[in-house]
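In the working numbering, the protein residues as written are 3 to 187.
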């Protein structure tokens, strides 16, 4: 990698480099564009803060008309274990009723957050509701949730970069990397 000087000492290894991520985002955008080719009412709802870079890149690659909105959630965790409780911090500003909604999420691990979002958005009676997830950790799944567009499956490691953080750090790294275990344990 030519950007080795950009790798902080807390990083164990780079899992997905910039080129790999960019290629997959282009592929996902092509799939979404094909599926929504007849629609002029697509709303991308990004889950803050982690999905902001992924959603920006995805939105710029779409060839169909779309709107962008955001939602912010908080998970209640006991230590590093989530008990499944999710709280809405900031809601969308767009009325989703009758619109095609695509939830854009950075990472799917337990499934609690995405399950919560799907339940909330279904109650708003969208024309359709789909999910686009950049990263999935199948080993951590507690609840199975539908993923319509998936970027990558990754191992059960703490990842940072490309919007993902640890203690609000490393979000703007241009790649996705595994954090050294001693940093977060």
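Backbone N, C-alpha and C define an ideal beta-carbon position, used for all residues, glycine too. Quick caveat: nothing in here was measured; it's all calculated off a predicted structure.
For residue 121, the uninterrupted alpha helix (DSSP H) run begins and ends at 114-124, by DSSP. In terms of Cα proximity to residue 119, the closest of 49, 183, 12 and 159 is 49. Look at the beta carbons and you see the region 126-145 touching the region 157-169: at least three pairs across the two are nearer than 8 Å.
Burial check for residue 31: the Cβ neighbour count within 10 Å reaches 16 or more, so the residue is buried.
Sorting 10, 47, 26 and 63 by C-alpha distance to the C-alpha of residue 35 places 63 at the top.
With respect to the C-alpha of residue 110, the residue from 94, 76 and 155 having the closest C-alpha is 155. C-alpha of residue 141 to C-alpha of residue 158: approximately 6 Å in a straight line.
Closest in C-alpha terms to residue 147, from the list 113, 125, 123 and 175, comes 113. In this structure, 13 is the residue among 9, 13 and 8 with its C-alpha nearest to the C-alpha of residue 181. Across the set 143, 19 and 144, the C-alpha of 19 shows the shortest separation from the C-alpha of residue 178. Look at residue 155 here: in three-state DSSP terms it is strand. In this structure, DSSP gives residue 133 an extended state, which the three-state scheme calls strand. By the Cβ neighbour-count rule, residue 52 is buried, with 16 or more other Cβ atoms within 10 Å of its own. Put simply, the backbone Cα of residue 171 is about 20 Å away from that of residue 23.
In this structure, DSSP gives residue 34 a helical state, which the three-state scheme calls helix.
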